Amino acid sequence: MGVPARLPDLMGLSVAIIGHGAIAQYVRARLPDLKITEIAQVVRPGKEVLDENPPLISDLTDLPSRPDFVIDCGGHQALAAHGPVALAMGIDVLTVSLGALADRGIEQSLQDAASRGGARLQLLSGAIGGLDALRGASAGAIAQVSYTGRKPPNGWRGSPAEKAIDLDTITAPTVHFAGAARDAALKYPKNANVAAAVAFAGIGLDQTDVQLIADPTITENIHEVSATGDFGSFHFTIAGKGLPENPRSSSLAAMSIVAALAERQKQIGF
2 MGVPARLPDL MGLSVAIIGH GAIAQYVRAR LPDLKITEIA QVVRPGKEVL DENPPLISDL
62 TDLPSRPDFV IDCGGHQALA AHGPVALAMG IDVLTVSLGA LADRGIEQSL QDAASRGGAR
122 LQLLSGAIGG LDALRGASAG AIAQVSYTGR KPPNGWRGSP AEKAIDLDTI TAPTVHFAGA
182 ARDAALKYPK NANVAAAVAF AGIGLDQTDV QLIADPTITE NIHEVSATGD FGSFHFTIAG
242 KGLPENPRSS SLAAMSIVAA LAERQKQIGF
């Protein structure tokens, strides 16, 4: 089934949002202030959602009208499933699931679909900032980039950290992963999108060093990035808060999506 032409524009941009978790809900709640219309919620088959306005769909070919953008708030599997469909249809996709591109098959699928549809996959900074300096530094030689992610033990629930260390008994900061950003993103799909964002801004997934740490002495998620090269050196730290609905979801990741949409809305004069 093909996608109908876009409906007459009454409120500016229109979007379809993949996902119904804390980040998706945060973005949805701010669309009216941006004068952006959500035309569909893209959820997995069988997903129960109390609010069914806009309508629920599980396949992007069932969109009721053509949106300006598809926004991925659903994570790696959702981007892998729906991103290529949207891009092949000529619809740009905005995502914070940067770690999904560590899987070369997913990356190739997205690239091929974008080429066929003449659309773009926009990678948002998500839970990390300050990457403009790293992008600028890449104009010269960069010798080293490292990312360290620290979260309270509960922030690593549901991840491989549970098998690597005992999250219930540690009393000091404990490293449970050390390696390249690509390995971090593949092993920690819900936790290492920041590592991928740093890698893409700098020297790549295979050259960026990553440490992931469970730290019982902190209450926030702490991201540290350091780099050295022709430009000199820098080190910066961001202490991020989780969303109230789900402390494991980054407030800054959700805000980065809203900021990107606000910028797009400005570009068309709203």
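Numbering (my numbering), first residue to last: 2 to 271.
For glycine and all other residues, C-beta sits at the position ideal for the given N, C-alpha and C.
Bear in mind the structure is a predicted one, so any value in this text is a computation, not a measurement.
Are the beta-carbon atoms belonging to Q123 and D93 less than 8 angstroms from one another? Mapped onto the sequence shown, residue 123 falls at position 122. Mapped onto the sequence shown, residue 93 falls at position 92. Yes; because the gap between Cβ atoms is below 8 angstroms, this pair is in contact.
Which runs of the beta strand (DSSP E), 3 residues or longer, sit entirely within the region 43-129? Under the rule that a run must span 3 or more residues, the beta strand (DSSP E) segments found entirely inside the region 43-129 read 70-73, 93-96 and 122-124.
Go through its chain and collect everything with a Cβ distance to A101's Cβ below 7 angstroms, but skip five positions before and after it. For the purposes of this step, residue 101 is taken as residue 100 along the sequence shown, with counting starting at 1. Within the same chain, Cβ atoms closer than 7 angstroms to the Cβ of A101 are found at H77, L80, A81 and I107, the five residues on either side in sequence being excluded.
Have a look at the DSSP bridge pairing and note the partners of Q145. On the sequence shown, residue 145 is found 144 positions in, with the first residue counted as 1. For Q145, DSSP records a beta bridge to T229.
Out of C74, F70, G75 and L99, point me to the one whose CA is closest to A89's CA. The residue given as residue 89 occupies position 88 in the sequence shown. Comparing alpha carbon positions, the residue from C74, F70, G75 and L99 closest to A89 is F70.
Helix, strand or coil for L244? Go by DSSP, reduced to three states. Residue 244 sits at position 243 when you count from the first residue of the sequence shown. The three-state reading of DSSP puts L244 in strand, counting E and B together.
Between the C-alpha atoms of T244 and S66, what's the straight-line distance to the nearest angstrom? Translated into positions along the sequence shown, residue 244 becomes position 243. Translated into positions along the sequence shown, residue 66 becomes position 65. According to the sequence provided, residue 244 is Leu. The question's Thr does not apply to it. Each residue's Cα considered, the two are about 31 angstroms apart.
Can the beta-carbon of G91 be found less than 8 angstroms from the beta-carbon of G118? Here the question's residue 91 lines up with position 90 in the sequence shown. Here the question's residue 118 lines up with position 117 in the sequence shown. A contact, by the Cβ cut-off of 8 angstroms.
Considering only their Cβ atoms, is the gap separating A186 from A179 smaller than 8 angstroms? On the sequence shown, residue 179 is found 178 positions in, with the first residue counted as 1. On the sequence shown, residue 186 is found 185 positions in, with the first residue counted as 1. Not in contact: A179 and A186 (Cβ atoms no closer than 8 angstroms).
Looking only at C-alpha atoms, which of T38, N54, V211 and G75 sits nearest to V146? Within the sequence shown, the letter at position 145 stands for residue 146. The alpha carbon of V146 has as its nearest neighbour, out of T38, N54, V211 and G75, the alpha carbon of V211.
Within a Cβ cutoff of 7 angstroms, which residues of the same chain sit near P154, ignoring the five residues on either side of it in sequence? In the sequence shown, counting from the first residue as 1, residue 154 sits at position 153. Once the five neighbours on either side are set aside, the close Cβ partners of P154 are L168, I171, A215 and P217.
Thinking just about the alpha-carbon of each residue, which of I24, Y189, R249 and A263 is nearest to the one in N222? As a working note, residue 222 is residue 221 in the sequence shown. Checked all of I24, Y189, R249 and A263; the closest Cα to N222 is R249.
Rounding to the nearest angstrom, what Cα-Cα distance links S160 and A41 in this structure? If you number the sequence shown from 1, residue 160 lands on position 159. If you number the sequence shown from 1, residue 41 lands on position 40. Each residue's alpha carbon lies about 30 angstroms from the other.
Whole-angstrom Cβ separation of A128 and V195, contact assumed at under 8 angstroms? Counted from its first residue, the sequence shown places residue 128 at position 127. Counted from its first residue, the sequence shown places residue 195 at position 194. Sure, about 5 angstroms apart at Cβ, within 8 angstroms.
Can you tell me whether DSSP reads S15 as helix, strand or coil? For the purposes of this step, residue 15 is taken as residue 14 along the sequence shown, with counting starting at 1. In the structure shown, S15 falls within a strand segment according to DSSP collapsed to helix, strand and coil.
Just the Cα atoms here: how many angstroms apart are A198 and N54? As a working note, residue 198 is residue 197 in the sequence shown. As a working note, residue 54 is residue 53 in the sequence shown. CA-to-CA, the gap between A198 and N54 works out to about 33 angstroms.
So for G156, helix, strand or coil by DSSP? For the purposes of this step, residue 156 is taken as the residue at position 155 of the sequence shown. Reduced to three states, the DSSP call for G156 is helix.
So, helix, strand or coil for Q208, using DSSP? As a first step, residue 208 must be located in the sequence shown, where it is residue number 207. If DSSP states are grouped into helix, strand and coil, Q208 belongs with coil.
Cβ-based neighbour list, Q1, same chain, cut-off 7 angstroms, excluding 5 preceding and 5 following: Residue 1 falls outside the range modelled here, since the chain spans only 2 to 271, and no answer is possible.
So, L135 versus S126, is the Cβ gap smaller than 8 angstroms? For the purposes of this step, residue 135 is taken as residue 134 along the sequence shown, with counting starting at 1. For the purposes of this step, residue 126 is taken as residue 125 along the sequence shown, with counting starting at 1. Taking 8 angstroms as the Cβ cut-off, L135 and S126 do not qualify as a contacting pair.
In chain order, what residues of the same chain lie with their CB nearer than 6 angstroms to the CB of Y189, ignoring the 5 residues before and after it? Translated into the one-based positions of the sequence shown, residue 189 becomes position 188. Excluding five sequence positions before and after Y189, the CB atoms of its chain that fall closer than 6 angstroms to its own CB belong to S160, given in chain order.
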